[in-house]
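Numbering (the numbering used here), first residue to last: 12 to 266.
Now the structure itself:
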């Protein structure tokens, strides 16, 4: 099977994988089904598992509710190793993955693991990135955030749900580079096990900004707890995110 995803800084593609069993064809067993989200609850992988489980139940593909197991650690590496080493023959199991998974496998960030150790079932969606701050932050725009980082890098910590060097980290680095910041290593990025945990730390005041995906931030947008200062899409998103400006609108060509 050939697996391809177009990788861009501002968009994350979500996929499903399964253990690579010995049988020549993958026979998904629709009983006691399970989806592993390689991060804590509230992030993009968790959202993917829950939405796919609901869709499969609505379509009567599986009976009852699909169990979602959160297995955080190593930017997805803990879950990947668990499936490959211990659960490769389970035929009722799928695992959420994304462009971040493919990138980390390609760069050998999961030592001893490769892309062909699992079966890539299919791409199920894509999500644009965002950069946000807490609702009571004095920062209101992306240029304001980046100007403060440029003036005093130690004053801003940015939280994300991917490992250092992962897509959430790259989102803020690319925006910073496009704004003229040359010392990208000075940017303080704090990695958490999932976007949900990263936003929680933003609300707790542990960090000053959040970088992640629109889907994992939607609940916090709806509650008014966070302020989206930039969407990393070519044009404004429709629906609930229509009022939030893109980075491009603010003179920063980051998508």
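Glycine included, C-beta positions come from ideal geometry on N, C-alpha and C.
All of these numbers come straight from a predicted model, not from anything done at the bench.
Spatially closest choice to residue i from the options, by CA coordinates
{"i": "residue 6", "options": "93, 177, 235, 186", "result": "Lying before the first or after the last residue shown, residue 6 is absent from the chain, which here runs from 12 to 266."}
{"i": "residue 119", "options": "105, 91, 135", "result": "91"}
{"i": "residue 86", "options": "157, 46, 180", "result": "180"}
{"i": "residue 108", "options": "66, 42, 129", "result": "129"}
{"i": "residue 62", "options": "251, 139, 51, 77", "result": "77"}
{"i": "residue 240", "options": "49, 246, 226, 255", "result": "255"}
{"i": "residue 167", "options": "117, 222, 126, 125", "result": "222"}
{"i": "residue 251", "options": "228, 121, 155", "result": "228"}
{"i": "residue 263", "options": "110, 58, 192", "result": "192"}
{"i": "residue 80", "options": "124, 67, 155, 53", "result": "53"}
{"i": "residue 6", "options": "29, 141, 60, 225", "result": "The first residue shown for the chain is 12 and the last is 266, placing residue 6 beyond what the model contains."}
{"i": "residue 212", "options": "194, 169, 102", "result": "169"}
{"i": "residue 58", "options": "117, 115, 226", "result": "226"}
Residue(s) in a DSSP beta bridge with residue i
{"i": "residue 92", "result": "BP columns for residue 92 are empty, so no partner."}
{"i": "residue 238", "result": "144"}
{"i": "residue 81", "result": "48"}
{"i": "residue 131", "result": "28"}
{"i": "residue 233", "result": "Paired residue(s): none; residue 233 is not in a bridge."}
{"i": "residue 199", "result": "168"}
Start and end residues, beta strand (DSSP E) containing residue i
{"i": "residue 258", "result": "That residue, residue 258, is in no beta strand (DSSP E); it is neither H nor E in DSSP."}
{"i": "residue 220", "result": "220–224"}
{"i": "residue 47", "result": "45–48"}
Opening and closing residue of the alpha helix (DSSP H) in which residue i lies
{"i": "residue 117", "result": "110–117"}
{"i": "residue 205", "result": "Element bounds for residue 205: n/a, residue is neither H nor E."}
{"i": "residue 170", "result": "That residue, residue 170, is in no alpha helix (DSSP H); its beta strand (DSSP E) goes 168–171."}
{"i": "residue 245", "result": "Where residue 245 is concerned, there is no enclosing alpha helix (DSSP H), given that its DSSP letter is neither H nor E."}
Within 7 Å, strictly: CB atoms of residue i and residue j
{"i": "residue 206", "j": "residue 55", "result": "yes"}
{"i": "residue 201", "j": "residue 218", "result": "yes"}
{"i": "residue 82", "j": "residue 47", "result": "yes"}
{"i": "residue 265", "j": "residue 186", "result": "yes"}
{"i": "residue 197", "j": "residue 157", "result": "no"}
{"i": "residue 111", "j": "residue 177", "result": "yes"}
{"i": "residue 140", "j": "residue 243", "result": "yes"}
{"i": "residue 224", "j": "residue 51", "result": "no"}
{"i": "residue 247", "j": "residue 253", "result": "yes"}
{"i": "residue 44", "j": "residue 102", "result": "no"}
Residue i Cβ short of 6 Å to the ligand NAP heavy atom set
{"i": "residue 57", "result": "The model depicted lacks the ligand NAP and carries no ligand whatsoever."}
Task: the region 69–89 touching the region 139–146, judged by at least three CB pairs closer than 8 Å - done: no
Open item on the list: Contact between the region 150–162 and the region 132–139 is defined here as three or more beta-carbon pairs at a separation below 8 Å; is this criterion met?
Closed with: no
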